[in-house]
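Only one structure is covered here, and it is reproduced in the block below.
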Amino acid sequence: MKKLIKKFKKLFLIVLCVLVALCIFQWYEQSQDRCSITKTTFTENSLPKQFNGFTIGYLSDLNLSEKNDLTRLNSIIQDLNAKNLDMILFGGDIFNESSFENNQVSKVLKKLQSHYGKFAVLGDKDQNDSSTCSNILTEAGFEVLHNEVRNIYYKEDIIQLIGLENTGDCSGLINETNEKSYKIALIHQPDYFKEISQYSIQLQLSGHTLGGYYKIPFIGGIETKDKGKNYVNGKHTKNKTTLLISNGFNKESSENHRFLTRDEVNIITLKR
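Quick note: to get the numbering used here, add 13 to the position in the sequence shown (first position is 1).
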């Protein structure tokens, strides 16, 4: 019995030390006000050969509310441009609450460089002033997709990008002519994955949940939102579709902290 108690105490101390170390690490990360670049590779045999190695820069949930946010955004854009990306995608929510410095926001976003286009969808906050947000993105060189599909041409091959707003219904966008094409769905809210995964779509990119703010190991993000309750953080696979949820570039003003859900932008590499 004494040996058992001794082992339990030792295990408890180890767990406690790990938790303290995690808290110190998280405090350090927060104090640096950093945004990380998270790299992910998706391998799928149906990807056209010419697209092998195709790179995508993915940003979501900028939640801009002050000039310091623009400074941070400008810095991460410089880092992304240094990666020589093939395509840029934006998953929605430019501002935290109300718009500000609209022209300056467009100028900063316009600095994003890619070889094969910049595309965006609107988030739930953007739709409160969809005209303004669409204009900002258009001025920045983005094509805003409103429940539309676009062909992405690379060398001699094609993949398709589907941009959706407030729906997972792709029935009008997928038919016999493009059913076998490699497809990426860009939609702000991740919970539409239930519908998206019923179609011949290989990859869904979403944001909205900000990773659940506080991530518990082996459990996931703990704060949820409307249309972001079932899928909150990380990668998920259903049928033959994979969902990637970005933590987002910036927190909302109502939240001051994160835990293991650091601010991020994503670089995605397609492989076959």
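No residue lacks a Cβ here, since even glycine has one placed at the ideal position from N, Cα and C. The structure displayed is predicted, hence computed values, not measured ones.
- With fewer than 16 other Cβ atoms inside 10 Å of its own Cβ, I50 counts as exposed.
- Within the stretch 132-162, the complete alpha helix (DSSP H) segments of 4 residues or longer fall at 143-152, listed in chain order.
- Assignment of K284 by DSSP, reduced to helix, strand and coil, places it in the strand class.
- According to the DSSP assignment, D170 belongs to the beta strand (DSSP E) that extends over 170-177.
- The beta carbon of L98 lies closer than 8 Å to those of T68, I69, G70, Q126, S127, H128, I280 in the same chain, with the five residues before and after it left out.
- Listed in chain order, the alpha helix (DSSP H) runs fully inside the stretch 90-125 are 115-123, counting runs of at least 4 residues.
- Y205 is a Cβ neighbour of G181, given a cutoff of 7 Å.
- Listed as beta-bridge partners of E277 by DSSP are S49.
- Its chain contains L218, K248 as the residues whose beta carbon lies nearer than 6 Å to that of L257, once the 5 sequence neighbours on both sides are disregarded; these appear in chain order.
- In the DSSP secondary-structure assignment, F67 is not bridged to any residue.
- For the pair T84 and L26, the Cα-to-Cα distance works out to about 42 Å.
- When rounded, the separation of the alpha-carbon atoms in N58 and S111 is 43 Å.
- By the C-beta density criterion, S144 is exposed, having fewer than 16 other C-beta atoms within 10 angstroms.
- Taking 7 Å as the cut-off, the Cβ atoms of V121 and N76 do not count as close.
- Straight through space, the alpha carbons of E161 and T190 are spaced by roughly 15 Å.
- Taking the CA atoms as reference points, I107 sits about 46 Å from L24.
- If you draw a 10 Å sphere on the C-beta of Y166, you find fewer than 16 other C-beta atoms in it, and that means exposed.
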